[in-house]
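Asker: In the numbering used here, the protein residues as written are 1470 to 1572. The C-beta atom is built at its ideal place from N, Cα and C for all residues, glycine as well.
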Amino acid sequence: MRCAACAAGLTLNAPPDHDLSEEIAQLKHEVARLNRHRFVRLYDSVPKLMAYWFGSGLLFGLGTVLGGSLLLSYLILTLSSIDFLPIIGDWAARIAEEMDTSR
């Protein structure tokens, strides 16, 4: 049984050796260029990479907590000043009372 490419009359022509050696030289040049890249130089070891991601996770968590705290405090402050809307005013007043009693 013949393959589909052979049955269709398609054949793969191998490039001459000088083209192949030229392509290999170009690949070596590109790999060397990539190895000199700043990212590869900075994180060339597993401990450095783990330290980077650990620090990144810590800062992301800290930013999330601080941002959420500021946003929530602003929201509660805004809601506590709304007394003219009956439903929201009562709810905000209860939140303000709870905050005062927790101190």
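Which of the three DSSP states is assigned to TYR1512 in this structure?
Answerer: coil
Asker: Between the C-alpha atoms of GLY1530 and MET1519, what's the straight-line distance to the nearest angstrom?
Answerer: Distance between GLY1530 and MET1519, taken at the CA atoms: about 16 Å.
Asker: Here's the rule I'm using: 16 or more other beta-carbon atoms within 10 Å means buried, otherwise exposed. How should ALA1561 be labelled?
Answerer: buried
Asker: Per DSSP, what kind of secondary structure is SER1538 in: helix, strand or coil?
Answerer: helix
Asker: In the structure shown, what three-state DSSP assignment does SER1550 receive?
Answerer: If DSSP states are grouped into helix, strand and coil, SER1550 belongs with coil.
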